[in-house]
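Trainee: Just so you know, the sequence shown maps onto residues -20 to -1, 1 to 490 in mature numbering (1 follows the signal peptide of the UniProt record, and there is no 0). For glycine and all other residues, C-beta sits at the position ideal for the given N, C-alpha and C. Computed from a predicted model, the values in this text were never measured in an experiment.
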Amino acid sequence: MWSVLLVGVAVWALLLQAVARYRLGSPELSLLYAPLLLGGARMRIPLGALRYEASHMPPWIARPLRAHAGNLSGRLWFDMGIVVASVFMLSALVVLCVTCAQVVSRLWVAHLPTTPFSKRAIDEPASPLWITPLIWNVNLTTSELALLLSIMAVSQLVHEAGHVLAALLHKVRPLRWGLTLVFPCVVMAHVTFPDMSHLSTRKQLRIVAAGVWHNAVTLVAWAAVAALASGLWVDAAGWRVVSCSDATLAAYLHRDTTVTAVNDISLEAIPPQERTVWWHRMLDDALPREPGWCIPASNWSRADAACCAASEDARGCFVDEHRTSKCFDVLDVFEQVGTRCDESCDGACARVDPFHPLVRLHLRQPDGSADHVVLQGTTSSLAARVRVSPYRLFAPLRVLVGHRVADDLADILRSVSRYVYMIHVSMVLFNMLPIDGLDGGHMAELGLRTLWPAATAIPLYTPGTSAPYTLPLHVSPSRICSVLDRLTKGLGVVALLGSTWLTLANHRTV
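(1) Output yes or no for whether 7 Å exceeds the beta carbon distance between Trp193 and Gly158.
(2) Need the endpoints of the beta strand (DSSP E) that Arg156 sits in, please.
(3) Tell me whether Ser305 is buried or exposed, calling it buried when 16 or more other Cβ atoms sit within 10 Å of its Cβ.
(4) Give me the Cα-Cα distance between Ala437 and Ser456, rounded to the nearest whole angstrom.
(5) With DSSP collapsed to three states, give me the class of Phe308.
(6) Name the one or two DSSP bridge partners that Gln356 has.
(7) Per the contact definition of three or more C-beta pairs closer than 8 Å, is the stretch 144 to 157 in contact with the stretch 172 to 187?
(8) Note down, one range per segment and in chain order, each alpha helix (DSSP H) of at least 4 residues found wholly within the stretch 152 to 215.
(9) Hey, quick one: how far does the beta strand (DSSP E) through Leu373 stretch, first residue to last?
(10) Is Ser246 helix, strand or coil by DSSP?
(11) Answer yes or no: do Ala72 and Met407 have a C-beta to C-beta separation smaller than 7 Å?
(12) Do Arg340 and Thr240 have their beta-carbon atoms positioned less than 7 Å apart in this structure?
(13) Consult DSSP for Val239 and reduce its assignment to one of helix, strand or coil.
(14) With H, G and I counted as helix, E and B as strand and the rest as coil, what does DSSP make of Ala330?
(15) Among residues of its own chain, excluding the 5 on either side of Arg186, which ones have a beta-carbon nearer than 6 Å to its beta-carbon?
(16) Specify the secondary structure class of Ala34 as computed by DSSP and reduced to three states.
(17) So, is Val473 buried or exposed, given that buried needs 16 or more other C-beta atoms within 10 angstroms?
(18) Could you tell me the alpha carbon to alpha carbon distance between Asp244 and Ala285, rounded to whole angstroms?
(19) Mind listing, in chain order, the continuous alpha helix (DSSP H) runs of no fewer than 4 residues lying wholly within the stretch 118 to 152?
(20) Helix, strand or coil for Val222? Go by DSSP, reduced to three states.
(21) In terms of residues, what are the limits of the alpha helix (DSSP H) holding Asp115?
(22) Are the CB atoms of Thr79 and Ile111 nearer to each other than 7 Å?
(23) Measuring alpha carbon to alpha carbon, tell me which of Val197, Ser35, Arg31 and Leu377 ends up nearest Ala209.
(24) Can you tell me whether Arg100 is buried or exposed? The criterion is at least 16 other CB atoms within 10 Å of its CB, across all chains shown.
(25) In the structure shown, what three-state DSSP assignment does Ser6 receive?
(26) Take the Cβ of Trp259 as the centre, count every other Cβ of all protein chains shown within 10 Å, and call the residue buried at 16 or more, exposed below.
(27) When you compare only the Cα positions, how much space is there between Arg235 and Thr359?
(28) Among the residues of its own chain, which have a CB less than 6 Å from the CB of Trp432, if the five just before and after it don't count?
(29) If you compare alpha carbons, which of Leu128, Gln136, Lys183 and Val162 is closest to Met423?
(30) Inspect the beta-carbon positions of Arg367 and Val222 and report whether they are closer than 7 Å.
(31) I'd like the span of the beta strand (DSSP E) that includes Val299, first residue to last.
(32) Under a three-way DSSP split, which group does Asp416 fall into?
(33) Could you tell me if Arg255 is buried or exposed, where buried requires 16 or more neighbouring beta carbons within 10 angstroms of its beta carbon?
(34) When the Cα of Ser66 is compared with those of Ala196, Glu140 and Asn119, which residue comes out closest?
(35) Using a Cβ-Cβ cut-off of 8 Å (strictly less than) and excluding sequence neighbours within five positions of Val317, which residues of its own chain qualify?
(36) By how many angstroms is the C-alpha of Gly427 removed from the C-alpha of Arg261?
In structure tokens, the structure reads:
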């Protein structure tokens, strides 16, 4: 579906390009209708893009902000943005430097010869990179790509809206603002301001920092909404079955059935977060080894081992401490044999044959009744076919909405939240890099010019004298910004290329 949509968008963009250039003879189209009553709205179709621009701000937005231009609360609000943006600039540099160090160290270790004295296991997973690129069909599906691009467009709108609001608060009207659809489906927002050199440095800093400040505020607001939404869910005292993709399992694991125990692991007393950890251990077949059952010697000697060779036998295959295999009815062993053992006992200390694994599930059905089910197979095969949740909907809402609708909404919210956090944090850190053309570059230059004016010399005082002398400036703020720009770009290239190469390499080895 999404592939067809992307192809349709691409064809649509190419048709608009052809109409604009060959039918109208100009890459610009006049709009008969401008949304939101935007004056001077126009649509341009440069090569490979579709650009919509407006030169006038809607009066219902501009007038209230200009009326409160001298409001103290508005100035304090954007002053907080300056502080937050400065912290983000330092954080962006730290993240970039750490990622470069990770890339260099891994590339260096990859070229070292392997020796018998190496302590690190070959299959030990490496710590994740601080910057991991999202690559289509590698670690990003087509449906996730569509969601990612949509959230990216909203994040850019929030970012540019922050600049616009701060500028209007200081009576600076944007020259142009609009959206650009880059071929085939990447949406970008942009705002063009007039020269703001007549403003004080503090006012310029407010306008520059307002973009990332509003991204940060949006991030906090979304986290608050997600926290409020999570309050609608209560502990399920186990794993609540959300869906089951296997028809045989679905006969036992109905929707809203709660798994209260797996083998010897009781889930009711485990906190929900730890319960999720146990579920991932099941995916890896990493559950702890459980003790055996002490079967009387007479029963053990009379049993046969036919089920250990026949895959369709309903009985379970057990082995004792001498690796002798016998077949028993699984419920007779699990429910009637009460004595457990570790190595030996008065009879035969029998365990489930690891080559014929069994999974014991204690269930609580939606009507409240208890059940005990034994499944043939591994815990990983069970976990791969069943989706569970450690929570259930709050009782009144469970009646009004139902778990099916609530689970679908929770899945959507979970996916959207993941990319909201990812995109907003990425946009904040990227924009605050001290690179010319980004918000971080403007902030660094304004900050340096505030602390170190370029047109003045530094006065120095000799101890014991009152007459200062000046030291000529050999290093100007513009030169420092130029060095920071080149250094950051170099680190960015190393981090981007290195992390992309490592991501592709890890994908090929999986």
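Mentor: So, from the listed chains and residues:
(1) Taking the sequence shown and counting its residues from 1, one reaches residue 193 at position 213. Taking the sequence shown and counting its residues from 1, one reaches residue 158 at position 178. No.
(2) Position 176 of the sequence shown, counted from the first residue, corresponds to residue 156. Going by DSSP, Arg156 is part of the beta strand (DSSP E) stretching over Arg156 to Val162.
(3) Along the sequence shown, read from residue 1 onward, the residue named residue 305 stands at position 325. Ser305 comes out buried.
(4) Residue mapping note: residue 437 aligns to position 457 of the sequence shown, counting from 1. Residue mapping note: residue 456 aligns to position 476 of the sequence shown, counting from 1. Since pLDDT at Ala437 reaches only 47, below the 50 mark, its modelled position is unreliable, and the value read off the structure follows with that caveat. About 10 Å.
(5) Along the sequence shown, one-based indexing puts residue 308 at 328. For Phe308, the secondary structure class from DSSP, reduced to helix, strand or coil, is strand.
(6) Indexing the sequence shown from 1 puts residue 356 at position 376. DSSP, once it has assigned bridges, lists Leu338 as partnering Gln356.
(7) Contact check between the stretch 172 to 187 and the stretch 144 to 157: three or more CB pairs, one atom from each, fall below 8 Å, which counts as touching.
(8) 181 to 210
(9) Looking up residue 373 in the sequence shown gives position 393. Note, Leu373: beta strand (DSSP E), Val366 to Leu373.
(10) For the purposes of this step, residue 246 is taken as the residue at position 266 of the sequence shown. DSSP places Ser246 in strand when its eight states are reduced to three.
(11) Locating residue 72 in the sequence shown gives position 92, where the first residue counts as 1. Locating residue 407 in the sequence shown gives position 427, where the first residue counts as 1. Contact: no.
(12) Position 260 of the sequence shown holds residue 240. Position 360 of the sequence shown holds residue 340. Contact: no.
(13) Taking the sequence shown and counting its residues from 1, one reaches residue 239 at position 259. Correct three-state label for Val239: strand.
(14) Translated into the one-based positions of the sequence shown, residue 330 becomes position 350. It is a strand residue.
(15) Translated into the one-based positions of the sequence shown, residue 186 becomes position 206. So the list reads Phe58 and Ala146, once near-sequence residues are dropped.
(16) Start at 1 with the first residue of the sequence shown, and residue 34 comes out as number 54. In the structure shown, Ala34 sits in a strand (DSSP, three-state: E or B).
(17) Locating residue 473 in the sequence shown gives position 493, where the first residue counts as 1. Result: exposed.
(18) Numbered from 1 along the sequence shown, position 264 holds the residue referred to as residue 244. Numbered from 1 along the sequence shown, position 305 holds the residue referred to as residue 285. Taking the straight line from one Cα to the other gives about 25 Å.
(19) Counting whole runs of 4 or more residues, the stretch 118 to 152 contains the alpha helix (DSSP H) stretches 122 to 149.
(20) By one-based count along the sequence shown, residue 222 stands at place 242. Here Val222 sits in strand by DSSP.
(21) Here residue 115 refers to the residue found at position 135 of the sequence shown. Position check: residue 115 holds Ile in this sequence, whereas Asp was assumed. First-last for Ile115: undefined, no H or E at that position.
(22) Indexing the sequence shown from 1 puts residue 79 at position 99. Indexing the sequence shown from 1 puts residue 111 at position 131. For Thr79 and Ile111, yes; Cβs fall inside 7 Å.
(23) Counting from 1 along the sequence shown, the entry for residue 209 is found at position 229. Taking only the C-alpha atoms, the option nearest Ala209 is Leu377.
(24) Position 120 of the sequence shown, counted from the first residue, corresponds to residue 100. Caution applies to Arg100, whose pLDDT of 47 falls short of 50 and renders its modelled position unreliable; the model cannot decide the point.
(25) Taking the sequence shown and counting its residues from 1, one reaches residue 6 at position 26. Low confidence applies to Ser6: its pLDDT is 48, below 50, so where it sits in the model is not reliable enough to give any reading.
(26) Position 279 of the sequence shown, counting from 1, holds the residue named residue 259. Label assigned to Trp259: buried.
(27) Start at 1 with the first residue of the sequence shown, and residue 235 comes out as number 255. Start at 1 with the first residue of the sequence shown, and residue 359 comes out as number 379. If you take the alpha carbons of Arg235 and Thr359, they lie about 19 Å apart.
(28) Locating residue 432 in the sequence shown gives position 452, counting from the first residue. Closer than 6 Å at the Cβ level, and outside the excluded window around Trp432, lie Pro457.
(29) On the sequence shown, position 443 is the one that residue 423 refers to. Of the candidates Leu128, Gln136, Lys183 and Val162, the one whose C-alpha sits nearest the C-alpha of Met423 is Lys183.
(30) For the purposes of this step, residue 367 is taken as the residue at position 387 of the sequence shown. For the purposes of this step, residue 222 is taken as the residue at position 242 of the sequence shown. Yes, the Cβ-Cβ distance between Arg367 and Val222 is below 7 Å.
(31) Residue 299 sits at position 319 when you count from the first residue of the sequence shown. It spans Gly296 to Val299 - the beta strand (DSSP E) in which Val299 sits, taken as one unbroken run.
(32) As a working mapping, residue 416 is identified with position 436 in the sequence shown. Three-state result, Asp416: coil.
(33) Residue numbering aside, residue 255 sits at position 275 when the sequence shown is read from its first letter. Buried is the call here.
(34) On the sequence shown, position 86 is the one that residue 66 refers to. Ser66 has its Cα closest to that of Ala196, out of Ala196, Glu140 and Asn119.
(35) Walking along the sequence shown from the start, residue 317 turns up at place 337. Around Val317: Trp273, Cys274 and Ile275.
(36) Reading the sequence shown from its first residue, position 281 is the one you call residue 261. Reading the sequence shown from its first residue, position 447 is the one you call residue 427. When rounded, the separation of the alpha-carbon atoms in Arg261 and Gly427 is 50 Å.
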